[in-house]
Amino acid sequence: MTNKDLGIKTKVGLALGSGAARGIAHIGVIKALREEGIPIDIIAGTSMGSIVGACYAVDGEISLIEEIAITSNLRKLTGLLDPKFTFFGSGILSGGRVENLLKSIIGERDIKQLSVPFAAVATDIKTGNEVIIREGSLIKAVRASISIPVVFVPVNYNGLYLVDGGTINPVPADVVRNMGADFTIAVNVLNDPKRCKYLGITGDKKSKKPPSLFNTLIQSFYIMEYEIIRVLHPLKSSLC
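At the far end of the sequence shown sits residue 342, using the numbering used here, and the numbering has no gaps.
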């Protein structure tokens with residue numbers, strides 16, 4: 103006998119993983135679930151997954167971020183970068199312009215006020231501990247979850263300095279389960295670096311030109327996240 107037979111509602115949890123621009127694929131996943139009539143009762147996201155997850159958790163809609171994803175190009179996105187022009191601080195980019203973009207998408211909201219229970223995953227850069235943010239400023243939570251180390255200045259959250267959650271939990275399936283999900287849908291958009299072209303770098307092709315500093319940094323972070331996922335979720339497939 104199933105929960106449905108007993109009249110008990112099964113809570114479906116959606117875990118959206120990290121993956122930089124690849125995380126745009128999360129929008130398509132949510133659209134597909136809605137088209138199939140599959141509810142999303144709980145949602146947790148890491149890095150780019152936290153942005154898409156937060157947008158959906160606000161009011162159950164993703165049309166605005168989908169429009170931004172469709173209409174934006176590289177030139178528009180580089181306008182979000184606000185370099186500090188120093189390598190001696192705690193990050194190259196302050197993240198101020200990213201916060202302004204987030205405000206235009208999700209507004210100033212408290213996580214407790216969202217229509218769908220939501221959590222953003224970040225990492226305490228001092229201790230290496232996972233930090234699951236389920237209350238307080240939604241923008242601050244997402245900003246912490248996407249803060250790639252060195253690229254972005256860490257976010258001060260209740261005295262903790264937080265960076266990208268992908269450094270510890272790239273696909274937060276365990277987070278949605280701990281939030282009460284009976285059934286978890288985990289979305290991984292990362293794949294083997296040897297097979298995927300990423301930021302102009304292709305693992306299986308030789309090049310006389312060395313990758314840029316930024317590409318090297320991001321690719322190193324991507325490789326680390328992929329290895330974490332490969333160990334924690336060896337049977338899960340991913341998108342490429």
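Every residue, glycine too, gets a C-beta built ideally from N, C-alpha and C.
Straight-line Cα distance separating I208 from E232: 24 Å
Nearest neighbour of P251, chosen from K242, D226 and I235 [CA to CA]: D226
Nearest-angstrom Cα separation, counted from D284 out to R177: Low per-residue confidence applies at R177: pLDDT is 42, beneath 50, and the placement is therefore not dependable enough to give any value.
Spatial distance of T304 from K214 (CA atoms): In this prediction, T304 has a pLDDT of 45, which is less than 50 and means its spatial position is unreliable; nothing more can be read from the coordinates.
Proximity below 8 Å, CB of S149 to CB of G130: Taking the C-beta atoms as reference points, G130 is found no nearer than 8 Å to S149.
Cβ shell of G121 (< 6 Å), same chain only, five flanking positions each side left out: M150, V291 and L292
Alpha-carbon spacing of D184 relative to N202, whole angstroms: Model confidence at D184 stands at a pLDDT of 43, short of 50, so the residue's coordinates are unreliable; what they give is reported in the following sentence. If I take the Cα positions, the gap works out to 12 Å.
Three-state secondary structure (DSSP) of A156: helix
The region 131 to 139 / the region 234 to 242 touching (three or more Cβ pairs under 8 Å): no
Whole-angstrom distance between N280 and I270, CA atom to CA atom: 17 Å
Residue(s) in a DSSP beta bridge with A288: Under DSSP, A288 forms a beta bridge with A117.
Nearest neighbour of R199, chosen from V255, G155 and A171 [CA to CA]: V255
Nearest to V244 (by Cα), restricted to the options A222, V278 and E163: A222
V265 beta carbon less than 8 Å from that of S249: Judged by their CB atoms, S249 and V265 are nearer to each other than the 8 Å cut-off.
Delimiting residues of the alpha helix (DSSP H) encompassing I241: Where I241 is concerned, the enclosing alpha helix (DSSP H) stretches over L240 to S247.
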